[in-house]
Each structure stands twice: as C-alpha cells, then as structure tokens.
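Participant:
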DNA sequence: TATGAATGAGTATTCATTCAT
DNA sequence: TATGAATGAATACTCATTCAT
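Protein chains in written order, with our numbering: chain E, 41 to 239; chain A, 41 to 239; chain D, 41 to 239; chain G, 41 to 239.
(1) Exposed or buried, which one is residue 105 of chain A when buried takes at least 16 other CB atoms within 10 Å?
(2) With 8 Å as the threshold, decide whether the Cβ of residue 215 of chain D is near any Cβ in chain G.
(3) Between the alpha carbons of residue 83 of chain A and residue 102 of chain A, how many angstroms are there, rounded?
(4) By Cβ distance below 7 Å, which residues in the same chain neighbour residue 184 of chain D in space, the five residues on each side in sequence not counted?
(5) Along chain G, in chain order, which residues have C-beta atoms closer than 8 Å to that of residue 177 of chain D?
(6) Report, in whole angstroms, the separation of the C-beta atoms of residue 181 of chain E and residue 133 of chain E, which I expect to be a contact under 8 Å.
(7) Can a CB atom of chain E be found closer than 8 Å to the CB of residue 128 of chain A?
(8) Do you know offhand how far residue 199 of chain D's Cα is from residue 115 of chain D's?
(9) Within 8 Å of any Cβ in chain D, is that where the Cβ of residue 229 of chain G sits?
(10) Report yes if the CB atom of residue 70 of chain E is closer than 8 Å to the CB atom of residue 146 of chain E, and no otherwise.
(11) So does the region 172-181 of chain E actually touch the region 216-232 of chain E, counting three or more Cβ pairs closer than 8 Å?
(12) Kindly indicate the opening and closing residues of the alpha helix (DSSP H) around residue 57 of chain E.
(13) What is the C-beta distance between residue 140 of chain D and residue 197 of chain D, in whole angstroms, given that I count them as a contact (C-beta under 8 Å)?
(14) Give me whichever residues DSSP pairs with residue 191 of chain E in a beta bridge.
(15) Helix or strand or just coil, what does DSSP make of residue 177 of chain D?
(16) Does DSSP put residue 223 of chain E in a helix, in a strand, or in coil?
(17) Taking the alpha helix (DSSP H) that residue 81 of chain G falls in, what are its first and last residues?
(18) Give me, in chain order, the residues of the same chain whose beta-carbon lies closer than 7 Å to that of residue 60 of chain E; leave out the 5 immediate sequence neighbours on both sides.
(19) Which residues, in chain order, does the region 58-79 of chain G contribute to contact with chain D at a C-beta distance below 8 Å?
(20) Given that a residue counts as buried once 16 or more other Cβ atoms are within 10 Å of its Cβ, and exposed if not, what is residue 95 of chain D?
(21) Would you decide whether residue 73 of chain A is buried or exposed? Buried here means 16 or more other CB atoms lie within 10 Å of its CB.
(22) Can you tell me which of E:81, E:135, E:168 puts its alpha carbon nearest to the alpha carbon of residue 120 of chain E?
(23) Would you call residue 208 of chain D buried or exposed, if buried means 16 or more other Cβ atoms sit within 10 Å of its Cβ?
(24) Using the Cα positions of residue 223 of chain E and residue 131 of chain E, report the straight-line distance between them to the nearest angstrom.
(25) Under 8 Å between C-beta atoms, does residue 134 of chain G make it to chain D?
(26) To the nearest angstrom, how far is it from the Cα of residue 58 of chain A to the Cα of residue 144 of chain D?
(27) Give me the Cβ distance between residue 170 of chain D and residue 109 of chain D, rounded to the nearest whole Å; I'm assuming they're in contact under 8 Å.
(28) State buried or exposed for residue 155 of chain E, treating a residue as buried only when at least 16 other CB atoms are found within 10 Å of its CB.
(29) By Cβ distance, which residues of its chain are closer than 7 Å to residue 237 of chain E, with the 5 residues on each side in sequence left out?
(30) Between the alpha carbons of residue 98 of chain G and residue 68 of chain G, how many angstroms are there, rounded?
(31) At a CB-CB cut-off below 9 Å, which residues of chain G make contact with residue 195 of chain D?
(32) May I have the straight-line CA-CA distance separating residue 206 of chain E from residue 142 of chain E, to the nearest angstrom?
(33) Examine chain E for any beta-carbon lying closer than 8 Å to the beta-carbon of residue 170 of chain A, and answer yes or no.
(34) Find the nearest neighbour of residue 189 of chain E within the set E:161, E:226, E:239, E:55, judged by alpha-carbon distance.
(35) Tell me the DSSP secondary structure of residue 99 of chain E in three-state form.
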C-alpha cells in the first residue's frame, strides 16, 4: 500500500507498459506461435524484467486471456467506424467491410494470435463467450440487408460467415506469400463477395 | 516375421501404430492446441509407452512435421477424386469443391492442426515449401476457367483463395457454434461462391 | 533345458560371441568412455541383437564386472610369461617389465577400461578385492630383489608402484600424443627405472 | 545491488555458487565416476535447485568441460609456486615436484575427474588441446636440466613423463589402498626418481 | 537361442512463478 | 514498483531391460 492510496485507490498500472507487453506478445506469437512463447521472452521483448511481468499479469493464462479479449474488442470497435445507418445498405456494408479488411492487414498479428488461441489451454470458456457477443451488430446488419431485399434470402449465419471469409483468407494468404495488397485488389475482392450475396 | 518378409526385408514400421499416433496427436491438438500437447499424453492416447513414440519419431518436432506433411498431402490427394477434365468446367469445380468441403468436415482436426502449425516453432521451412507445391493443380483449374471465359478475368491467386475461403470459414464457424451442416447448406454456399466468381 | 542337457550340463555359451562382446565394449569405452556406452551400442558393435546380449550377461553391471575381471586376469597371466625364478633377478625383472610394457601397448583399451571402471557405480567391492590378489606375485618379486640386496631397502609397496608407474604413464601419454614407441625407448625407460630402484 | 555495481555493472555470476557446483561434481565423480553422476544429484550436493544449475552451466557437457579446464589450469598454476629459476636446478625441480605431489594429494578428486574425462563424450577436442599447452613450462624445465648436464641425455618427452609418473601412480594407489603418505615417503620417492634421471 | 520392438523408470532440460533485494 | 536469480514441477528424451515371436 503506497502513501497515496487514499488519493488513487485503484492500482494505476502503467498502461504504456501494458501496451508494450501486448505488442511483444503479439509479435512473438506471430513469429513462433503460442506454443513457442515463454514469459521471460515476452518480458525481454517488452524491455522489462520477468518479475515485472507478474506485477501486470498474475499468470500467463491471464495475460493471454486479457490480450485475447482486447484483440477481439479492438476489432469490434473499429468495424462500425464511419458507419451510418441512415446511408444506403451497400454503402454501409462497404464501410464496415473495408474497415475490417484494413484492420486485418494492419493488425495481422492479432488475427494470428486469436486463431492460435482458440484451440489452446489458455482461453477460458467465458472468454470464448465474449467473442460471440461481439458478432451481434454484424448479425443485425445482415438482417437489414435481407429486409431490404438486397441480399439473398438465405440463412443469416451463412451470409455473415461468407461475407467476411474471403477477406480473412485473402489477407492471410497474401501475407504468407508476401504479396502486396493494393486498393484495386481490395475492391475486386469486395465485388466478388457482393456478386455472391446480392439478391 | 510377417508374411511379406521376403518382399520387404527391412523393418516395416508398424503403420497402424503410426496411424494411432497421428490420430492421437490430431485429437489432442484439437482439444488443447499445439501449445497444450506433451509427448507422454500423445503416447498415452495412442496406447503406447513414451519410449515407443521415440522409436517412430525421433523428436516432437519430427512428429509434428511428418503429421503436417501427411495432412497436407492427404487433403491434396482427395481434391481431384472423381474429377474428369473432359467434363464441363463448372461440373469439375463442383466435384473438387464438394470434395474439399467434405474433407474439411470429416477431417476437421487436420485443419485445426495445420492452422496451429503454421506459426509454430516446429514446422521447418522445407515443410512449408511443400505446401505451396500442393496448390499447383488448383491453379491450373482456375486458369482453365478463365480461358473458357467462365470466370471473371481477375488475378488467379485472388480467385483461388476466394473460391475456397467461404468453405473453410463456414466449416470452422459451424463446428465452433455446433451447427449441423446440411446438404442444402453446402449447395447454397457453393452458389454464393459461384455467383461471385462467374464471368 | 535342452535335450542334450545330460550330455552337456553346463551352458555351452558361445565363447566367440562373448569375445566379440568384450572387444566391442573395450573399443567403445576407449572411444567414448564408460559414461558414453549403451547396451544397444555394444550389441550393435558385437553384431548381435540387444536381447542376445542379455543371454550372455544378465545386466550391464555383470558385463562390466566380468570384463574387468577378465582384463585384470589376462594381464596377470601374461606378466610372468617366460619368467624363470632360477635366472638372475634383474633378468627376471626385465622379462616381467617388458611383458607388462608390451601388454599395455597391445591392450591399451583394457587399461583405459580398467581406469574408467575403478571409479564407477558398476564395479563391486568383491571385484576390487580380486585386483589386489593379482598383485601378490609382483610383491614377492620385489621382496626377492630386496633379499638379494639388489634393490634399495625401502617400502615394498612404494618400490612396486614405482617400478611400473613410468611404464603405465609413458604408454598412456604416447598414445594420447600419437607417438610411436620404439624398442630403444622401452630400454631407455627400463634403465631410468632401474637406476632409480637399484641398491 | 552490490558495492561494486559501479565498477562491474554486468551480472557477476556468483563465483561462490560456481565453486560449490564444482566441488559437488568432483566429489560425486570420485564416488561414482563420470558414468554415475546426474545433474540433479550435483544440484542437490551443491545445495541449489536443478534449474539453478542451468543458470550457471547451459548443459552437462558445458559443466564438465569448464570444470576440466579449471582443474587443468589450477594444477598448472600451482606447479611453479616458489620456483626460482636462479636457484640450482635440482632445488627447483624439488620445489615443483613437491608442489605437484601435494597438489595431487590435496586435490585427489581433480585427478580422478580428469582421468575419467579424457575418454568421455563430454570433453571436446578444443578442451583437450588446452591441456597440451599447459605442459610447456615443464618441458622448458627438462631442457634446462639437460643443458646443465644434470639429466640423462634422452628424449625430453620421456624424461618429463617419467619424472612425474611415479608421483601420480603412488598417490593414486596410496589412496586406493588407504595408506597414509608421510613426508619421508615423499622424499624417498623423489630420490627414486632422481637417481633414475640424473646424468 | 536369437531377435529387436516395446516398455517405463530415469535423466537432462525448460519454464511459469516466486522472492530477496 | 522493478529486478532477475532462484526454484522445482513439468516435459522431452534415453536407455537398461523384457518379451513376443
């Protein structure tokens, strides 16, 4: 208990340091996979001592879970940036779809990390549950498209998965093959998808 | 001494045992991820002693690499089953696409395993190289479609990734959400894809 | 019990095979040390199966102990070859000393093996005891030399150790340094020794 | 933070702990031989955890090699203690010879350890090379003796080996036979040797 | 007897976590 | 808080020994 505890009762954990830890973890998982990281490597990559890591995260499991949740949330927050429900459906979909595309490119490490986490002893059921909740707004979007008769009248789950699958895999394979992704290719891919789902 | 000793005098490693080991590994990776498996667990699940595992695979890395290669190959072998280049393009594509779809469902564990391997300290570069080679026949298929003016005239890489991405992600999310996949949903998904790529 | 047990009641173990095993063991110990040998390596080097090794020696410890005893005995047997107590003392000593010298060169591996065994978990106390007994005849030789006033009148133990130490170390260092040992150098070394011990 | 942190900012590995590890290893090798030691036994004997051992030595091989090198060096350092080249040759030789004798008695474990190491899978060639270099000063001593016509005019290698062989074997056999070594016996042994090598 | 694959206890090594400073 | 050496349980791997053939 420090002297200022009455002024600042919540632990004022250094968010910059937390960010360094998260970035270090993402980088290492991208390089070596979840199976290839150790707490001391993370600490070293984050420029702190191993013991310090345990001040911020009480265990490896907690660290992975918090990072997983953060990654999920931060992607969800970005989807709807610039989205305006009063604009036409296709325009709205484009906004979200390109948001997601850009996010996947810029945060490729997050995607790798989340993929690896899904089957791992670290992620708890409650963390997995959270994931599903974050998909809700996208479901609503699909329903709107169907109501406006702009989308094929098929199962919303299938449509939703389908709409974003091409994007996911395209980014993944492009990175693996070290191919540049151009603005033109993004638009081409959107059209491939749109031609598939449109009514 | 087995019946074939006169044909094959060198020790024919017990392929049944190898298969048990592979199945045990796939199951455990699906349940716990690559980060959560141990050699002794694999041995136990395969009903052999730990030491026996090392008769068949000289190290954990070798085991993972061999299984990775096998998984890649076995999927590649199945793609073209029943495919006949003299049949119409769309029919051929359907054959391959459904082959792949069924394979993903029946061998879901292989897919999970391969996803986890890609970013892992176990898979060597040479093993990764192999993967690329196995994609070649599918490239040719796409080129045929483009030549016959049946596919949009866009980058073959993009088309290829796109054609199979929906299937991959749909199977994955269906399994995660514990949704049954019906024959009808397969066909719907194929149509979504086809409407996207057709010229 | 085989059908001929009444004819040949003692197990007729294949002495040639035993010899192969011993030679293989000596060679491997010279190359890798006691710490570096395994039962399967010995078997392989002796051209038999691991299981067969256990027909001849019930355990690694037994194998090492039997070989140790054999090495000790075979050297002891050779010492006095050609020795005739009726000949003058110095002549007799020369006979024994050169016997030993030659034995050390020709059976260098035995010496290495015995050195390594002495501090090892394999050699039992009773095996060590045996060693001491084999030294008895040499003690008598020294006593004879002292009685005949040809040797310095000092402790027999010291004289005995001294008489053969130069030879041991010279062979060892020569082998390590890959130096040839000539007939002349043997005689020079004998003289060094003799000038030291003579009365 | 120790007092010398401003002088030596890099982690000064705890030399006391290293010394404990070395002593524990020597003791165990004397008792059980190289073939009979385990890393956990060493750790236990050194009063540290197994993991700690690996902070100081990255592998068993490294530990054995470092200890071997240290043993070799520490004996070499002691040989010439008190030796003064301006004193008469015989006096100088006595100084060195008794230094070595005492060292062998006091550090009997080092001798056992080095003997065991020579034929072992642990010692690398580069470590063996080092050994030869440490013999150089003794060679010079022998050459001086020959130049001063105090030693027999025979091969320096033979003289050198011979001069110290009696001492080595005498200590070894005395310890094995649990005989006390007296000051008188040391001198007797020196005289045996001297009478052999003197011109 | 002879074989060599199979066994599992044992050993080297790693790594999440703790703790003295 | 921050440090990083220390810990020891867990894990990869080895090898003496057994056993079905």
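For each residue, glycine too, the CB sits at the ideal point set by N, CA and C.
Facilitator: By the coordinates alone:
(1) Per the 10 Å Cβ criterion, buried.
(2) No, residue 215 of chain D lies away from the interface with chain G (no Cβ there is under 8 Å from its Cβ).
(3) Taking the straight line joining both Cα atoms gives about 15 Å.
(4) Once the five neighbours on either side are set aside, the close Cβ partners of residue 184 of chain D are 129.
(5) Scanning chain G for C-beta atoms nearer than 8 Å to the C-beta of residue 177 of chain D yields nothing, as the closest lies near 17 Å away.
(6) Between residue 181 of chain E and residue 133 of chain E a beta carbon distance of about 7 Å is seen, short of the 8 Å cut, so the two are scored as contacting.
(7) Not closer than 8 Å to any Cβ of chain E, the Cβ of residue 128 of chain A fails to qualify, so no.
(8) Straight-line Cα distance between these residues: approximately 20 Å.
(9) Output row for residue 229 of chain G: interface = yes.
(10) Result no, Cβ atoms of residue 70 of chain E and residue 146 of chain E do not sit closer than 8 Å.
(11) The region 172-181 of chain E makes no contact with the region 216-232 of chain E: fewer than 3 CB pairs, one atom from each, lie closer than 8 Å.
(12) For residue 57 of chain E, the uninterrupted alpha helix (DSSP H) segment begins and ends at 55-72.
(13) Between residue 140 of chain D and residue 197 of chain D, the beta carbon gap of about 17 Å keeps them out of contact (Cβ cut-off 8 Å).
(14) According to DSSP, residue pairing for residue 191 of chain E in a beta bridge involves E:238.
(15) Helix, per DSSP.
(16) In the three-state DSSP reduction, residue 223 of chain E falls in the helix class (H, G or I).
(17) For residue 81 of chain G, the uninterrupted alpha helix (DSSP H) run begins and ends at 79-85, by DSSP.
(18) So the list reads 86, 87, once near-sequence residues are dropped.
(19) Going along the region 58-79 of chain G in chain order, one finds 69, 70, 71, 72, 73, 74, 75, 76 with a Cβ nearer than 8 Å to chain D.
(20) Exposed, because fewer than 16 other Cβ atoms sit within 10 Å of the Cβ of residue 95 of chain D.
(21) With 16 or more Cβ atoms within 10 Å of its Cβ, residue 73 of chain A is classed as buried.
(22) Taking only the C-alpha atoms, the option nearest residue 120 of chain E is E:135.
(23) Flag for residue 208 of chain D reads buried.
(24) Distance from the CA atom of residue 223 of chain E to the CA atom of residue 131 of chain E, rounded to whole angstroms, is 17 Å.
(25) So no, residue 134 of chain G is outside the interface.
(26) Rounded to whole angstroms, residue 58 of chain A to residue 144 of chain D spans 51 Å at the Cα level.
(27) Right, the Cβ-Cβ distance comes to about 6 Å (below 8 Å), so this counts as a contact.
(28) With 16 or more other Cβ atoms within 10 Å, it is buried.
(29) 191, 192, 199, 202, 203, listed in sequence order.
(30) One C-alpha to the other measures close to 19 Å.
(31) Listed by position along chain G, the residues whose Cβ is nearer than 9 Å to that of residue 195 of chain D are 225, 228.
(32) Cα-Cα distance, rounded: 13 Å.
(33) Output row for residue 170 of chain A: interface = no.
(34) Ranking the options by Cα distance to residue 189 of chain E, first place goes to E:239.
(35) For residue 99 of chain E, the three-state secondary structure derived from DSSP is coil.
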